[in-house]
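Quick notes on the structure that follows.
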Amino acid sequence: MSGLCNHALHGTGLAGNTASPVHRLDPRAKVVGLLGLTVVAVTTPLHAWPVYAACAAVLAVVAAVAGVGPRTLWHRIRFLIPLVLFVAVFLPFVRGGSQVELGPLSVSQAGLAAFAAVSIKAVLGTLSAVLLGATTTFPSTLRALELLRVPRLFVLIAGFVYRYLFVVVDEVQRMRAALAARGYHPRSALQAAAIGRVATALFLRAHARGERVYLAMLSRGYAGSVPALDSLRFGPADAVFVAVVAALILPVRILEVVA
Amino acid sequence: MTCVLDAHDLRYRYPDGREALRGLDLTIGHGERVAVLGPNGAGKTTFVFHLNGLLRGDGRLEVAGVEVEDKSMRELRARVGLVFQDPDDQLFMPTVRDDVAFGPLNLGLDRDRALVRVEQALAAVRMEHAVDRAPHQLSMGERRRVAIATVLAMQPELLVLDEPTANLDPRARRELLQVLDRIDRTMLVVTHDLPFAAELCERAVILSAGRIVADGACCAILADERMLSEHDLELPAGFDPSRVAPDGQSRALRLRQRSRTRASRGWEQQISALPSAGGSTGSGL
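Sequence lines, in order, name chains A and B.
Residue numbering for the first sequence follows the working numbering, beginning at 505 and increasing consecutively.
Residue numbering for the second sequence follows the working numbering, beginning at 831 and increasing consecutively.
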């Protein structure tokens, strides 16, 4: 957890050359472009490898222009590996069809291909999100979502999560320290009850804080809607970015489906 | 003298039956800086929450020329700036700019005027450099100053600070004192940091068990050791209030008298030249 805190949470999350053309794009262009890419990758049939190649090429170019290096990307997507493995690792064993000997194991060839395709989809989707996060601050992303007509309530909730995640993480760390300071060192499942009480305390604290935040909002004239300082400009460069991403991916996707 | 705050026989009982305010009387004039001193549990925060109608008790309460009642809430909250004890409660928007603009936009200002207010309020607390940052990236002292800016941006007639020095290290506390000292506005400072009160405020009242039990010049109140200990208050060992205010006036008052004779180029003058959405500009003195 602390790695995540130090790296992604307590900074802006930006990486690479923060003055690059990609960083300077309107966040709406990046959200539309990268989200579109993710949707294309995820909805593509399993065998459509050219589409994956096109998506990967676009992401590679975006990363290169933004100056986000492979180390940063690897550092930020590695948490994905256990998830993908957990979901997809059984595919090669449960699919039928011709079998391949893989050392001592006998696996389905179709299953292996499906496993590879699912992994690629996950990596492409995550890379898109990571690149968005590395080139756009979270507040700008929220503003973009709001302007793209995502329901305000969702954007508001995401904003509060972002704002208070740090506060809650700090509280969890303090409570863990308090447990450790009093010799808490669970050796059996029975002793894990203390974790439950920590969770309860955390919930109650979060609830009390929610009340106080609401009072603070009322104090500054909150009357049901959060006003926005709208200062984004969608310029020609942004349109070009979206158009280029679409031009590189959509034809491949369409040809692949027709074929 | 017109009053910024006029409370008479204010009473409040929490839903669990605990009596927090038991007949509180307090009058504060324009331009005064008043410290409300009291131990934990004296009803300080409860009283503060009454000032902009977050809590409603029995008795009569008029703040910034507005009777506290249902139909006056909007105006009341525009005129009373409340700075919460925990800046993490006060700063709820993703960036400092959004947070400081929240109040002015709610007052109905357009974007450009709101941004001018943001700039001025952050300059007043010396936090201009943090405008694009997220609150969690700031130190506690910086968060406190931004929290004050969020309220200043609304140009309230009365500035109310709840325990402003809580969790601050000596340097952040000193910076906060300097920032507040330059703000020319009626101020109510709720605290049990007695030296802080002595440096900032010329008048002090003691709130104990839901009542005002003492009211007078800050240095006189702080010099009465017996009364302080009766109400569970205590000066730090070796602190001599008369040295903060050697001629019977607080340092704050002397500074303000000096600054009044100087050419006026404070930020309040710039701000009060702007049209105000809250009705009155309320530029303090």
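Beta carbons: idealized from backbone N, C-alpha and C, even for Gly.
Beta-ladder partner(s) of S1038(B), from DSSP: Bridge partners of S1038(B): R1041(B).
Could you confirm whether any beta carbon from chain B is found closer than 8 Å to the beta carbon of L706(A)? no
What does the alpha-carbon distance come out to for the pair L550(A) and P531(A)? 30 Å
Which chain A residues are close to G933(B), counting only those with a beta carbon under 7 Å from its beta carbon? R724, G725
Chain A within 8 Å of R904(B), Cβ atoms only: yes
Would you mind telling me which residues of chain B sit closer than 7 Å to M721(A), beta carbon to beta carbon, in chain order? F922
I'd like to know if the segment 1032-1040 of chain B and the segment 859-877 of chain B are in contact, where contact means that at least 3 CB-CB pairs between them fall below 8 Å. yes
Every unbroken alpha helix (DSSP H) within the segment 943-998 of chain B, with a cutoff of 4 residues, ordered by chain: 970-982
Should V746(A) be labelled buried (16 or more other beta-carbon atoms within 10 Å of its own) or exposed? It is buried - the Cβ of V746(A) has at least 16 other Cβ atoms within 10 Å.
In terms of residue numbering, what span does the beta strand (DSSP E) encompassing L889(B) cover? First, the amino acid is wrong: residue 889(B) is Gly here, not Leu. G889(B) -> beta strand (DSSP E) spans 888-893.
Check A561(A) in the structure and name its three-state DSSP category. helix
Only counting runs of 3 or more residues, tell me where the beta strand (DSSP E) segments fall wholly within the segment 580-624 of chain A, in order along the chain. For the segment 580-624 of chain A, whole beta strand (DSSP E) runs of length 3 or above, ordered along the chain, are 603-606, 609-612.
Within this structure, are the beta carbons of T980(B) and F1026(B) separated by less than 8 Å? The answer is no: Cβ separation not under 8 Å.
Beta-carbon neighbours of F670(A), restricted to chain B and to distances below 8 Å: H966
Spell out whether any CB of chain B is found under 8 Å from the CB atom of L646(A). yes
Just curious, the alpha helix (DSSP H) that I858(B) is in, first and last residue? Note, I858(B): premise wrong, no alpha helix (DSSP H); beta strand (DSSP E) at 849-859.
Quick check on this structure: which residue in D919(B), R941(B), A1002(B), L881(B) has the alpha carbon closest to the alpha carbon of R927(B)? R941(B)
Extent of the continuous beta strand (DSSP E) run through A682(A): Per DSSP, A682(A) belongs to no beta strand (DSSP E); it is in the alpha helix (DSSP H), 656-685.
Examine chain B for any beta-carbon lying closer than 8 Å to the beta-carbon of F738(A), and answer yes or no. no
Can you say whether G520(A) is buried or exposed, counting buried as having 16 or more other CB atoms within 10 angstroms of its CB? buried
Contact residues within the segment 584-605 of chain A, judged by C-beta distance below 9 Å to chain B: none
Answer yes or no: do H1022(B) and P869(B) have a C-beta to C-beta separation smaller than 8 Å? Yes, the Cβ-Cβ distance between H1022(B) and P869(B) is below 8 Å.
Would the beta-carbon of A633(A) fall within 8 Å of that of L646(A)? no
Cβ of S526(A) within 8 Å of Cβ of A564(A)? For the sequence presented, residue 526(A) should be read as Val rather than Ser. Taking 8 Å as the Cβ cut-off, V526(A) and A564(A) do not qualify as a contacting pair.
When you compare the CB of F642(A) with every CB in chain B, is at least one pair closer than 8 Å? yes
Chain A contacts made by the segment 878-909 of chain B, where a contact means CB separation under 8 Å: F879, N882, L884, R904, R907, A908
Between A930(B) and V948(B), how many whole angstroms is the CB-CB distance? I'm expecting something under 8 Å. It is worth fixing the name first, because residue 930(B) is Val in this sequence and not Ala. Rounded, the Cβ-Cβ distance is 4 Å, consistent with contact.
Looking at the structure shown, is E650(A) part of a helix, part of a strand, or coil, going by DSSP? helix
Quick one: using the 10 Å Cβ neighbour count with 16 as the cut-off for buried, is L840(B) buried or exposed? buried
Inter-residue spacing [alpha-carbon to alpha-carbon] between G847(B) and A944(B): 43 Å
Where does A837(B) land, buried or exposed, given buried means 16+ other C-beta within 10 angstroms? buried
Thinking just about the alpha-carbon of each residue, which of F670(A), A681(A), A648(A) is nearest to the one in L539(A)? A648(A)
Inter-residue CB distance, G883(B) and L982(B) (contact presumed, cutoff 8 Å): Contact flag wrong, Cβ pair sits at about 20 Å.
Express the C-alpha separation of D1014(B) and R1088(B) in angstroms, rounding to a whole number. Bear in mind that the predicted position of R1088(B) carries a pLDDT of just 48, short of 50, making it too unreliable to give a figure here.
I need the boundaries of the beta strand (DSSP E) containing H838(B), first residue and last residue. 833-843
To the nearest angstrom, how far is it from the Cα of L1065(B) to the Cα of E1055(B)? 8 Å
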